[in-house]
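Working notes, beginning with the structure itself.
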Amino acid sequence: MDYHFTEEQGLLRDAFAQFAKEEIAPHAAAWDAEDHVPMDIVPKLGEMGIMGVFVPEEYGGTGLGHIERCIALEEIARYSAGLAMMVFTHHLGVAAIVDYGTEEQKQKWLPGMCDGSCVCGLAVTEPGGGSDVAGLKTVAVLEDDTWTINGRKCFITNSHCAGVTVVTCRTGEDEKGRPLMSTIAIEAGTEGFKPGREENKLGLRGSFTGELIMDNVKVPAGNTVGAPGKGMPITMKELGEVGRASMAAIELGILRACLEDAVAFAKERVLYGKPISKLQAIQFQIAEIRCDYEASRLMLYNAAAMKDEGKVGAEFSMAKYFISEAAVRSAKRLMEIMGGYGFVNEYPAGRYLRDAVGCIPSCGTSEIQKMIVAGETLKKF
Amino acid sequence: MMDMNILVLLKPVPDPEQERDIQIDTGSGRIVREGVKHVIDPESRNALEAALQLAKKPGGEPGFVAALAMAPAQMKDKLTEALAMGADEAYLLSDKAFGGADTYATSYTLAAAVRKIEAEKELQFDLILAGTSSSDGGTSHVAVQTAEWLGRTHISNVCSIELPDSAAGGALIRAVKRSEEVMLTFEGEGPAVIGVTRDINKPRLVTAMGIIKARKKPLTVWNIEDLVIDPDKAGLAGSPTKPGRLFKPETGRTAKEPWETPEEAAAGILEIIREAGI
Ligand SMILES: Cc1cc2nc3c(=O)[nH]c(=O)nc-3n(C[C@H](O)[C@H](O)[C@H](O)COP(=O)(O)OP(=O)(O)OC[C@H]3O[C@@H](n4cnc5c(N)ncnc54)[C@H](O)[C@@H]3O)c2cc1C
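Read top to bottom, the protein sequences are chains A and B.
So in numbering that gives the first Met the number 0, the last one in the first sequence is 380, and the numbering has no gaps at all.
So in numbering that gives the first Met the number 0, the last one in the second sequence is 277, and the numbering has no gaps at all.
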């Protein structure tokens with residue numbers, strides 16, 4: 000991959016950055032403090048072409064790739080990682096429909112998902128443990144061309160605002176007794192389908208994270224996204240490729256916020272008659288953040304380019320693992336550079352740290368990423 | 000006037016938000032452009048927005064909006080950005096021989112390009128819009144001088160442009176100019192050259208879809224051979240202006256011990272303002 004972006008990608012970044020500066024930056028602190036989910040910005044994200052950035056133009060999308068999607072997420076997360084969570088999870092559900100949906104499903108749902116009138120979600124995790132996907136208990140039974148779904152999902156982003164959620168359900172067993180899954184789209188308002196508790200999170204506030212309850216929910220067999228019984232590979236592919244690259248992009252946005260704020264503060268803050276940026280200890284902190292940022296950037300856009308080229312590999316997991324840890328490190332460094340100011344909520348350093356920590360579990364914890372990386376590494380080398 | 004033809008003079012400038020990174024070459028007295036992020040000059044952007052609003056009225060016949068810039072080849076993306084905002088075509092005048100131009104040589108070259116575009120398109124622009132003064136040079140010359148080369152009416156410092164009877168097919172242009180004390184309203188028919196100010200509108204954001212659409216729009220690059228001009232009047236050779244000493248003013252800040260009471264602070268601040276002669 001060419002690590003220098005194309006002229007068009009540069010223009011897109013400028014456009015997304017300008018949008019983020021005007022529409023997100025002024026409100027990000029309030030969204031965090033009040034845990035306010037800014038639904039009114041969603042149609043604007045649609046207008047900008049971000050909601051359907053990688054969706055083919057024939058379905059109302061912008062028809063770009065995952066590099067461009069990651070650019071959008073990085074620019075949003077630079078100011079509000081919470082809002083970026085909403086957008087990324089929307090993309091996750093949309094990707095399942097783009098990649099596996101029927102023509103009818105695409106025609107029906109994608110235009111609204113691109114213009115921002117319908118937010119999408121993807122629900123896998125259950126109270127019984129997110130890492131153990133094979134162990135999930137939500138059950139769907141097919142009878143007379145209708146699924147009956149029962150179960151409970153938790154920690155689901157967009158739980159309280161999604162118009163359509165793609166839900167991973169257990170739908171049978173193979174001949175060896177291993178569970179078979181299916182991914183089934185459920186529209187908001189379907190009888191028996193409702194959001195449960197809404198989580199009060201430490202970070203990534205300004206996005207809904209909560210439960211989804213399915214109590215004898217009936218949906219037509221036509222809502223199955225992909226082949227029945229193939230839900231596990233579908234879920235793993237979307238989480239693994241779209242999901243992890245997205246989380247890495249959000250974490251990169253947080254990292255850049257740390258970098259920019261650290262430099263600005265160090266140049267402004269005067270001690271002993273000169274800015275603290277002249278102190279070597281501060282310079283070293285900044286150098287560490289910069290190295291983490293540059294390494295992260297290369298890892299992310301390499302993974303995104305691989306996705307666009309149709310390649311797969313542990314690069315997504317490497318990026319997700321490395322960048323989430325790097326974002327946490329950098330936020331902590333920023334707090335140290337800022338001294339007392341780093342710890343008061345008037346400044347965003349604390350929010351960056353809370354958001355960075357919040358990114359670790361989503362789309363697989365660091366342990367899970369390391370297991371994937373090790374698995375591939377032991378085969379490859 | 001159902002379908003307006005409007006040309007926008009668009010200048011790429013060093014990003015004003017990164018002002019502190021801007022260096023001046025002490026030898027030539029010119030801004031060092033290499034390695035500096037460039038953007039469309041803020042007022043040029045307003046001019047483009049005004050053109051799009053006037054020519055692309057919802058429901059009306061869509062008019063034609065073109066953007067023209069004289070700039071180094073690597074500034075081509077600024078014209079792509081103009082296309083992404085909604086311009087129909089863009090023209091870049093790029094040649095080493097145009098380099099180092101002052102406003103006299105710049106406007107001379109731009110005027111030649113205007114004539115060429117009009118001849119090729121077989122039209123006359125009803126309006127040529129530009130920023131009144133760019134954020135880097137700030138001379139307020141170029142729009143006015145271009146108009147003079149073309150022999151067209153011109154007004155600068157315009158904060159509002161209307162087409163009062165366009166629905167009835169009328170060609171009247173109404174422009175409001177802000178002067179120090181009064182607002183002046185001018186009315187007349189085109190062709191005219193108008194320099195706008197920042198308060199005329201809020202430029203639209205570039206969208207991803209706009210960038211995709213820009214792929215299919217024509218962006219023409221012309222060099223000195225493509226224009227009917229006297230090479231001695233272009234670029235550095237054709238520039239009578241010789242910049243004097245250029246330097247970066249000291250803008251460093253110093254911290255002062257705060258005053259004990261609000262009264263002392265008020266008196267102290269007043270004193271500083273007086274001393275500074277503000
Ligand atoms: C902000 C946020 C948004 C989210 N959004 C969504 C969403 O939209 N949709 C969705 O489906 N889920 C979502 N999740 C859930 C997320 O995917 C899970 O939190 C994650 O998969 C971990 O699952 P868990 O929380 O149940 O932890 P557990 O799986 O219970 O893990 C607990 C601990 O055990 C470790 N562990 C687990 N397995 C192993 C192993 N094999 N070896 C070593 N260590 C192991 C983990 O690393 C962790 O430290 C979201 C989570 C967060 C925080």
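For every residue, glycine included, the Cβ atom is placed at its ideal position computed from N, Cα and C.
At a cut-off of 7 Å, the beta-carbon of V123 of chain A counts as near ligand 1: some heavy atom of the ligand is closer than that. By the CB criterion at 8 Å, Y99 of chain A and I233 of chain A fall inside the cutoff. For K378 of chain A, the enclosing alpha helix (DSSP H) stretches over residues 365-379. Each of A:I183, A:R196, A:A261 was checked against the Cα of G230 of chain A, and the nearest Cα belongs to A:I183. Residue side-chain check: C362 of chain A places its Cβ nearer than 7 Å to a non-hydrogen atom of ligand 1. Per DSSP, V123 of chain A has no beta-bridge partner at all. Nearest C-alpha to V356 of chain A among A:K273, A:A122, A:R328, A:V218: A:R328. Proximity of the beta carbon of I155 of chain A to ligand 1 is indicated: a heavy atom of the ligand is located closer than 7 Å.
Within the segment 36-57 of chain A, those residues whose Cβ lies closer than 8 Å to any Cβ of chain B are, in chain order, E46, M47, G48, I49, V52, E56. Taking 8 Å as the CB threshold, G230 of chain A stays off the interface with chain B. For the segment 203-216 of chain B, the residues whose beta carbon sits under 9 Å from a beta carbon of chain A are, in order, L204, V205, T206, A207, M208, G209, I210, I211, A213, R214.
Burial is judged here by how many other beta carbons sit within 10 angstroms of a residue's own beta carbon; P239 of chain B has fewer than 16 and is exposed. DSSP places F207 of chain A outside both helix and strand once states are collapsed to three, so it counts as coil. Straight through space, the alpha carbons of E33 of chain A and Y292 of chain A are spaced by roughly 29 Å.
When distances are taken from the beta-carbon of M85 of chain A to the heavy atoms of ligand 1, even the shortest one reaches 7 Å or more. For M180 of chain A, the enclosing beta strand (DSSP E) begins and ends at 178-186. P25 of chain A sits in coil when the DSSP states are folded into three classes, being neither helix nor strand. With a contact defined as Cβ atoms closer than 8 Å, T108 of chain B and A213 of chain B miss out at about 25 Å.
Contact between L204 of chain B and A14 of chain A holds, with the beta-carbon distance rounding to 6 Å and staying under 8 Å. DSSP, reduced to helix, strand and coil, places W146 of chain A within a strand of the structure shown.
Per the coordinates, the alpha-carbon of E375 of chain A lies some 11 Å from the alpha-carbon of V311 of chain A.
Listed in chain order, the positions of the segment 249-263 of chain A with a beta carbon within less than 9 Å of a beta carbon of chain B would be empty, since no residue qualifies. In this structure, A:V269 is the residue among A:K306, A:V269, A:S323, A:R353 with its C-alpha nearest to the C-alpha of M337 of chain A. Counting only residues of its own chain and dropping the five nearest sequence neighbours on each side, A96 of chain B has a CB closer than 7 Å to the CB of I223, P230, A233, G234. Boundaries around V113 of chain B are those of the alpha helix (DSSP H), 102-120, since no beta strand (DSSP E) includes it.
Considering only beta carbons, the part of the segment 73-103 of chain B lying closer than 7 Å to chain A consists of D76, T79, E80, A83, in chain order. The residues D214, N215, V216, in chain order, have a CB closer than 6 Å to that of G191 of chain A in the same chain once the five nearest residues on each side in sequence are set aside.
The secondary-structure analysis by DSSP pairs Y90 of chain B across a beta bridge with B:L67, B:T219.
For L126 of chain B, the pairing in a beta bridge is given by DSSP as B:I5, B:A191. For K236 of chain A, the enclosing alpha helix (DSSP H) covers residues 230-236.
Going by DSSP, S159 of chain B is part of no alpha helix (DSSP H) but of the beta strand (DSSP E) stretching over 152-161. Going by DSSP, E42 of chain B is part of the alpha helix (DSSP H) stretching over 41-54. Around the beta carbon of R252 of chain B, fewer than 16 other beta carbons lie within 10 angstroms, which makes this residue exposed. Not a single C-beta of chain A is nearer than 8 Å to the C-beta of A68 of chain B. Residues of the segment 242-259 of chain B with a C-beta less than 8 Å from any C-beta of chain A: A254, listed in chain order.
The alpha-carbon of H90 of chain A is positioned some 12 Å away from that of G64 of chain A.
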